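Participant: Line by line, the protein sequences are chains A and B. Going by my numbering, the first sequence opens with residue 1, and the numbers climb by one from there. Going by my numbering, the second sequence opens with residue 1001, and the numbers climb by one from there. Don't be surprised by glycine CBs; every beta carbon is placed ideally from N, CA and C. Nothing here was measured: the structure is a model prediction, and the numbers come from that model.
Protein chains: 2
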Amino acid sequence: MSEHEECFVFLLGKAYQKAHGLLKKKLLPFGLTPVQHLILAVLRDEEALSSAEISERTVMDSATLSGVLDRMAEAGLVKKEENPEDRRSLRVSITARARKMMDDLAEQRKAVNEELTSVLSLEEKLLFKRMLKDIKG
Amino acid sequence: MSEHEECFVFLLGKAYQKAHGLLKKKLLPFGLTPVQHLILAVLRDEEALSSAEISERTVMDSATLSGVLDRMAEAGLVKKEENPEDRRSLRVSITARARKMMDDLAEQRKAVNEELTSVLSLEEKLLFKRMLKDIKG
DNA sequence: CAAAATTAGTTTGTATACAAGATAATATAG
DNA sequence: CTATATTATCTTGTATACAAACTAATTTTG
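1) Starting from the beta carbon of residue 1049(B), find every residue of chain A whose beta carbon is closer than 9 Å, and list them in chain order.
2) For the region 91-111 of chain A, which residues have a beta carbon sitting closer than 8 Å to at least one beta carbon of chain B?
3) With H, G and I counted as helix, E and B as strand and the rest as coil, what does DSSP make of residue 91(A)?
4) Run down chain B in chain order and give the residues with a C-beta less than 8 Å from the C-beta of residue 117(A).
5) Measuring alpha carbon to alpha carbon, tell me which residue in 137(A), 40(A) and 44(A) is nearest residue 1119(B).
6) Measure the CB-CB distance between residue 69(A) and residue 55(A) and report whether it falls below 8 Å.
7) Give a yes or no on whether the minimum CB-CB distance between residue 41(A) and chain B is below 8 Å.
8) Look up residue 1079(B) in the DSSP assignment and give the residues it is bridged to.
9) List the endpoints of the continuous alpha helix (DSSP H) containing residue 20(A).
10) Quick one: which unbroken alpha helix (DSSP H) runs of 4-plus residues sit fully inside the region 101-131 of chain A? Chain order, please.
11) Return helix, strand or coil for residue 49(A), following the three-state DSSP convention.
12) Count the other CB atoms within 10 Å of the CB of residue 28(A); is the residue buried (16 or more) or exposed (fewer)?
13) Buried or exposed: residue 1034(B), going by 16 or more other Cβ atoms within 10 Å of its Cβ?
14) For the alpha helix (DSSP H) that residue 84(A) lies in, which residues bound it at each end?
15) By the 10 Å Cβ neighbour count, where 16 or more other Cβ atoms means buried, how is residue 14(A) classified, buried or exposed?
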């Protein structure tokens, strides 16, 4: 019954692990990780984005992104092209194959969110979301 | 303004990243990571714990723990001994050196928790904590 | 008691996360 | 226009996280 169980860092970590684990399981049949699914979500409605733009929208580090995008390109989920306007940057786009999965993915994501917060009332869900947004800043 | 920003998995992840990053910074001068700090916290009031016991209390995977405990032993933060009663299991204990830091660490942890939740009212902090506990299950 | 099942930890392989340094390309200053 | 600064991405090194296979030790069974 140590005090660490009252620590927000610990509690957030464990709640996140639970959430991440649930989503991971649901995405397994699609051959996607939660992070990869997130990247597809931001690419879905775009022609193409640079690594920096994906980094900004997903709040992921560019170093992390580098490896993830490689694996996703390898798996045929995204296409990585050179930007002719600025050859330092990339044009990353979602492939047709990945795009076909998006509706099913949205369903899985929704299911996870519901399962995860099933203990909360509708009102609490909204409050919880607001507080998370406040905290992440 | 994609829908992923309404996803609890994403929001929890980012809130956790924020919390983890804050604590990480505060622990840097002590040469500790947040996870190592957590392990010291559960060892603090114990003679010694096995890997499985630490795993249970910190909710960490035994595979992850194996490496972390090695690095901590290497750094002189814990002592790993063989349990003579059952030679499969370990007796991990906190070192005197690490124990000396514990009060300072508790202060840092408290500071992080306050900084992290400074946008919340006292009432909201309690509510938030309760909801996190509900969700992690 | 010896074979089989179980248990405690470790190892291996994959996927983030992030700091710091390296690279290549572009923009800017003089 | 060239030396310098900046920018976009990648690479490297360290630290989790976790599944799965592996080892060693103990317990259970027949």
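Facilitator: Inspection of the coordinates gives the following:
1) Residue numbering aside, residue 1049(B) sits at position 49 when the second sequence is read from its first letter. Here the premise fails: no neighbours, minimum Cβ distance about 11 Å.
2) Residues 106 and 109.
3) The residue labelled residue 91(A) in the question sits at position 91 within the first sequence. Here residue 91(A) sits in strand by DSSP.
4) Numbered from its first residue, the first sequence carries residue 117(A) at position 117. Within chain B, the residues near residue 117(A) are 1008 and 1135.
5) On the second sequence, position 119 is the one that residue 1119(B) refers to. Closest option to residue 1119(B), Cα to Cα, is 137(A).
6) Taking the first sequence and counting its residues from 1, one reaches residue 69(A) at position 69. Taking the first sequence and counting its residues from 1, one reaches residue 55(A) at position 55. No; because the gap between Cβ atoms is not below 8 Å, this pair is not in contact.
7) As a first step, residue 41(A) is located in the first sequence; it is residue number 41 there, counting from the start. The beta-carbon of residue 41(A) is placed less than 8 Å from the nearest beta-carbon of chain B.
8) Translated into positions along the second sequence, residue 1079(B) becomes position 79. DSSP lists 1093(B) as partners of residue 1079(B).
9) Mapped onto the first sequence, residue 20(A) falls at position 20. Looking at the DSSP string, the run of the alpha helix (DSSP H) that includes residue 20(A) is 8-27.
10) Taken in chain order, no unbroken stretch of alpha helix (DSSP H) lies wholly in the region 101-131 of chain A with a span of 4 residues or more.
11) On the first sequence, position 49 is the one that residue 49(A) refers to. DSSP places residue 49(A) in strand when its eight states are reduced to three.
12) Counting from one through the first sequence, the residue named residue 28(A) turns up at place 28. Flag for residue 28(A) reads exposed.
13) As a working mapping, residue 1034(B) is identified with position 34 in the second sequence. Buried, by the Cβ-count rule.
14) For this step, residue 84(A) is matched to residue 84 along the first sequence. First-last for residue 84(A): undefined, no H or E at that position.
15) On the first sequence, position 14 is the one that residue 14(A) refers to. That one is buried.
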